[in-house]
Amino acid sequence: MRKHLAGALLALAPVVLFNIASADDHGVRARRPVDFAAPAQLNGGSSAIGKTGIVVKIQSAAIAKDGTITARATIVDSDGFPLDRLGVASKGTTALSFIAAYIPAGKTQYVSYTTTVDAASLPGNTNASQIQAANDSGGTFVTNAIGDYTYTFKTKAPVTFDATVTTSIGVSAQRNLAEFGTFDEWSETSNDVFSFVPNGNPVTVTRSVVTTDACNQCHDPLIGHGGSRLKVELCIMCHQPQTINPDTLLTQDMKVLIHKIHMGSSLPSVKAGTPYRIWHRGAWSDFSTVVFPQDIRNCTTCHAKPAAQADNWKTNPSAAACGSCHDDVNFATGANHLNLAQPDDNQCKNCHTPNYVSDFDASVPGAHLIPANSTALPGLVTKVIQVTGTTPGTAPTVTFSVTTKAGVPVDISKITSIRVVLAGPNTDYNTGPGAIRVSETPPATTPGTNGVYIYPMTNKIPAGAVGSYTVSIEASNTVTLLPGTVISTTAVDAALPVEFYFTVDKSPVVARRQVVSTAKCDACHMNLGFVHGGTRAATTECVICHDPALTDGTSGDSVNLAWQIHSIHRGENLANPYVLGTTNYQEVRFPGDLRDCTACHLAGTYLPENIGAKALVASPGGFTKTTPPISAACQGCHDDVATASHALANTTVLGESCDACHKAGEEFSVDRVHQRIF
Numbered sequence: 004m005r006k007h008l009a010g011a012l013l014a015l016a017p018v019v020l021f022n023i024a025s026a027d028d029h030g031v032r033a034r035r036p037v038d039f040a041a042p043a044q045l046n047g048g049s050s051a052i053g054k055t056g057i058v059v060k061i062q063s064a065a066i067a068k069d070g071t072i073t074a075r076a077t078i079v080d081s082d083g084f085p086l087d088r089l090g091v092a093s094k095g096t097t098a099l100s101f102i103a104a105y106i107p108a109g110k111t112q113y114v115s116y117t118t119t120v121d122a123a124s125l126p127g128n129t130n131a132s133q134i135q136a137a138n139d140s141g142g143t144f145v146t147n148a149i150g151d152y153t154y155t156f157k158t159k160a161p162v163t164f165d166a167t168v169t170t171s172i173g174v175s176a177q178r179n180l181a182e183f184g185t186f187d188e189w190s191e192t193s194n195d196v197f198s199f200v201p202n203g204n205p206v207t208v209t210r211s212v213v214t215t216d217a218c219n220q221c222h223d224p225l226i227g228h229g230g231s232r233l234k235v236e237l238c239i240m241c242h243q244p245q246t247i248n249p250d251t252l253l254t255q256d257m258k259v260l261i262h263k264i265h266m267g268s269s270l271p272s273v274k275a276g277t278p279y280r281i282w283h284r285g286a287w288s289d290f291s292t293v294v295f296p297q298d299i300r301n302c303t304t305c306h307a308k309p310a311a312q313a314d315n316w317k318t319n320p321s322a323a324a325c326g327s328c329h330d331d332v333n334f335a336t337g338a339n340h341l342n343l344a345q346p347d348d349n350q351c352k353n354c355h356t357p358n359y360v361s362d363f364d365a366s367v368p369g370a371h372l373i374p375a376n377s378t379a380l381p382g383l384v385t386k387v388i389q390v391t392g393t394t395p396g397t398a399p400t401v402t403f404s405v406t407t408k409a410g411v412p413v414d415i416s417k418i419t420s421i422r423v424v425l426a427g428p429n430t431d432y433n434t435g436p437g438a439i440r441v442s443e444t445p446p447a448t449t450p451g452t453n454g455v456y457i458y459p460m461t462n463k464i465p466a467g468a469v470g471s472y473t474v475s476i477e478a479s480n481t482v483t484l485l486p487g488t489v490i491s492t493t494a495v496d497a498a499l500p501v502e503f504y505f506t507v508d509k510s511p512v513v514a515r516r517q518v519v520s521t522a523k524c525d526a527c528h529m530n531l532g533f534v535h536g537g538t539r540a541a542t543t544e545c546v547i548c549h550d551p552a553l554t555d556g557t558s559g560d561s562v563n564l565a566w567q568i569h570s571i572h573r574g575e576n577l578a579n580p581y582v583l584g585t586t587n588y589q590e591v592r593f594p595g596d597l598r599d600c601t602a603c604h605l606a607g608t609y610l611p612e613n614i615g616a617k618a619l620v621a622s623p624g625g626f627t628k629t630t631p632p633i634s635a636a637c638q639g640c641h642d643d644v645a646t647a648s649h650a651l652a653n654t655t656v657l658g659e660s661c662d663a664c665h666k667a668g669e670e671f672s673v674d675r676v677h678q679r680i681f
């Protein structure tokens with residue numbers, strides 16, 4: 004637990020603090036807000052504002068008969084004004100790096116024309132050097148115009164190159180923003196990939212298994228190799244079977260690498276004690292602690308349209324792809340593969356078909372079926388129809404329904420769990436004179452007809468209640484799928500809770516404010532229900548229990564939703580442990596950019612002037628016993644003593660003064676201090 008600040012802090016000058024997320028070579032690069040430069044004169048007098056962004060586009064490419072590879076590329080800023088590569092006619096030099104690769108006839112993955120020899124560098128490692136796909140080095144540029152360049156590769160294609168196959172040129176453009184005052188120099192990046200057939204025929208063969216947009220559901224944005232790689236379409240030109248790590252001799256093929264990274268701590272090899280790590284640029288990148296933020300069997304989270312080969316995961320099983328996750332399978336000997344040796348991939352499709360027939364069968368979709376998604380589950384749907392007896396001091400009566408997704412009435416005496424939740428007031432649940440948060444289990448004898456039940460609650464609305472309150476129904480049923488078979492599996496069939504808001508004093512009904520959305524959470528998590536057995540898969544339900552008064556019984560840390568979720572997502576970047584029960588969430592590795600508040604928040608809800616919470620947040624494990632609501636939200640991420648001291652020094656008997664510096668339009672507004680430059 005954190006040491007408490009002793010008493011009130013007096014005579015402290017306000018200090019504005021903000022943190023920039025730190026990251027390593029595979030993470031988000033550190034940037035700060037900058038002012039844009041003054042206009043520059045480009046292209047014979049056209050005026051450019053000098054924005055810090057950069058966009059690179061390959062306009063054309065060719066391979067001559069002697070193997071000479073050329074590519075014409077343009078670079079502009081974020082307003083579309085041409086950029087001088089050398090930084091003379093516009094601010095900031097730009098480094099352009101190119102790669103050339105092709106997809107051989109009859110194959111599906113790239114082979115690079117541009118390669119390098121990479122030697123083992125681990126001390127004492129005597130592994131032989133490996134030829135790897137890489138950027139071209141030593142080519143020449145011709146300036147066609149400011150912002151328009153032709154690059155001639157130093158590497159030549161063999162004179163026997165196949166002019167009939169798909170060939171791609173990839174480029175990474177990095178702009179030096181030192182003149183704009185950023186922390187790091189090469190902090191603006193753009194990628195592009197241009198595909199063509201050297202003989203002039205149209206491109207008919209592509210490699211598109213996963214899109215960058217699919218990755219950015221969680222990674223927001225995808226960034227690798229010091230910020231120079233932003234697009235999967237560029238990554239796969241190097242990360243293909245041609246590239247082997249010389250120190251570990253592990254393949255860097257994309258399908259293997261990414262499966263293993265995302266499987267992380269769940270890899271059979273990692274569980275057995277062998278870490279999954281890669282020696283790269285003189286340091287280990289250890290992925291053994293990675294935890295995928297949803298069920299790893301959700302293959303279509305990544306493999307989705309509009310990728311041309313989005314169905315590859317189920318139509319083209321292979322030892323490399325499947326064995327990357329199931330790395331305890333030895334396909335050569337048949338170990339952990341029903342003792343069936345598979346020397347190649349020719350027979351994979353015979354058993355592992357793309358078509359699902361029954362739960363957990365040998366088809367690829369069947370083998371990856373998440374029990375809760377089984378079509379054998381009828382699904383539960385709950386609804387609060389009305390609440391009567393809503394005056395203060397009265398026990399309300401709740402009329403609700405429980406049906407299947409097909410509308411078939413459900414007998415609540417035959418399901419595993421059902422409870423009615425009553426909470427209020429809706430301004431801040433379980434706080435103030437009319438505070439209440441209770442749950443009751445309607446007995447099996449609750450009267451009902453055709454799935455509609457009338458339940459008189461035993462708990463009363465507090466005598467001091469005013470305003471609006473909430474009732475919700477949570478229901479689930481534990482089911483055994485394929486009972487009596489060797490693959491019988493337990494599944495939880497849970498209803499998505501839906502809240503019902505009502506008034507206790509005839510004032511207008513006011514719903515509990517929404518700050519984040521379930522849809523935004525599900526972009527990464529797929530189904531929030533994983534945290535409570537499937538029964539609370541909606542943020543509007545989470546806030547009912549995770550109110551300002553809720554704390555962990557051991558650490559004393561706040562479990563108010565804003566504080567909890569900020570702290571969990573901040574994870575490894577927290578200054579202090581955030582402990583709930585026996586779990587220290589400093590182990591969490593967030594895959595996105597924590598400065599992007601809109602990844603979770605609804606528009607504007609993260610701004611201090613729009614924070615609707617009024618109640619003090621209990622924080623006995625924090626620096627102070629209680630924390631005002633705006634400070635609590637911020638300190639979930641910025642959990643150091645300096646931030647807590649700053650917040651305390653700027654809070655008086657009149658309340659928090661956060662708006663003075665941090666509201667929209669101010670010098671240190673949340674939008675400014677969290678600004679990302681892409």
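Position one of the sequence shown corresponds to residue 4 (our numbering), numbered consecutively onward. Note that the Cβ used here is the ideal one computed from N, Cα and C, for glycine as well. It should be emphasised that the depicted structure is a prediction, and the values quoted were computed from it without experimental measurement.
Residue span of the alpha helix (DSSP H) that contains residue i, given as start and end
i, result
"Asp712", "Residue coverage of the chain in this structure runs from 4 to 681, which leaves residue 712 outside it and unanswerable."
"Leu237", "Val235 to Cys241"
"Val676", "Val673 to Val676"
"Gly369", "Val367 to Ala370"
"Asn376", "From DSSP, Asn376 is part of no alpha helix (DSSP H); its letter is neither H nor E."
"Glu544", "Thr542 to Cys548"
"Leu260", "Met257 to Met266"
"Ala522", "Thr521 to His528"
Three-state secondary structure (DSSP) of residue i
i, result
"Arg573", "helix"
"Gly326", "helix"
"Pro412", "strand"
"Tyr609", "coil"
"Ser198", "strand"
"Asp347", "coil"
"Glu670", "coil"
"Ala166", "coil"
"Lys417", "helix"
"Phe144", "strand"
"Leu651", "helix"
"Arg679", "coil"
Selection from the options that minimises the alpha carbon distance to residue i
i, options, result
"Phe203", "Pro346, Leu180, Pro412 and Ala166", "Correcting the residue identity first, residue 203 is Gly in this sequence and not Phe. Taking only the C-alpha atoms, the option nearest Gly203 is Ala166."
"Lys168", "Thr146, Val208, Arg539 and Gly142", "Checking the displayed sequence, the identity of residue 168 turns out to be Val instead of Lys. That would be Val208, whose Cα lies nearest to the Cα of Val168."
"Ile149", "Glu182, Asn128, Asp87 and Tyr105", "Asp87"
"Ile281", "His265, Thr304, Val294 and Asp250", "Asp250"
"Val59", "Ala123, Tyr152, Ser115 and Ile421", "Tyr152"
"Ala578", "Val387, Asp643, Ile418 and Pro271", "Asp643"
"Ser672", "Ser622, Gly625 and Gly607", "Gly607"
"Thr695", "Ala497, Pro201 and Met257", "Residue coverage of the chain in this structure runs from 4 to 681, which leaves residue 695 outside it and unanswerable."
"Pro205", "Ser171, Thr303 and Asn179", "Ser171"
"Thr393", "Asp348, Asn462 and His649", "Asn462"
"Asp560", "Val620, Cys524 and Val546", "Val620"
"Val423", "Ile388, Gln62 and Ala322", "Ile388"
Whole-angstrom distance between residue j and residue i, CA atom to CA atom
i, j, result
"Ala526", "Thr214", "15 angstroms"
"Ser366", "His549", "41 angstroms"
"Ala468", "Gly396", "8 angstroms"
"Leu531", "Thr543", "11 angstroms"
"Gly173", "Thr254", "21 angstroms"
"Val200", "Ser175", "21 angstroms"
"Gln350", "Ile134", "31 angstroms"
"Thr627", "Asp555", "15 angstroms"
Opening and closing residue of the beta strand (DSSP E) in which residue i lies
i, result
"Ile72", "Thr71 to Val79"
"Asp151", "Asp151 to Lys159"
"Ile490", "Element bounds for Ile490: n/a, residue is neither H nor E."
"Lys60", "Val58 to Ile66"
"Val424", "Ser420 to Gly427"
"Ser404", "Thr400 to Thr407"
"Pro459", "Val455 to Pro459"
### Message
Can you confirm whether the stretch 430–443 touches the stretch 402–411 when touching is taken to mean that 3 or more C-beta pairs between the two stretches lie within less than 8 angstroms?
### Response
Contact between the stretch 402–411 and the stretch 430–443 is absent, because fewer than three Cβ pairs lie under 8 angstroms.
#### Entry: contact_flag[the stretch 602–614, the stretch 654–674] where n(CB pairs < 8 angstroms) is 3 or more
Touching, per the Cβ criterion.
### Query
Is the stretch 366–383 touching the stretch 448–462 in the sense that three or more CB pairs, one from each, lie closer than 8 angstroms?
Counting Cβ pairs under 8 angstroms, fewer than three are found: no touch.
### Query
Counting Cβ pairs closer than 8 angstroms, one from the stretch 283–293 and one from the stretch 309–318, do we hit at least three?
no
### Message
Closer than 8 angstroms is the cut-off here; do at least three beta carbon pairs connect the stretch 67–82 with the stretch 90–99?
### Response
yes
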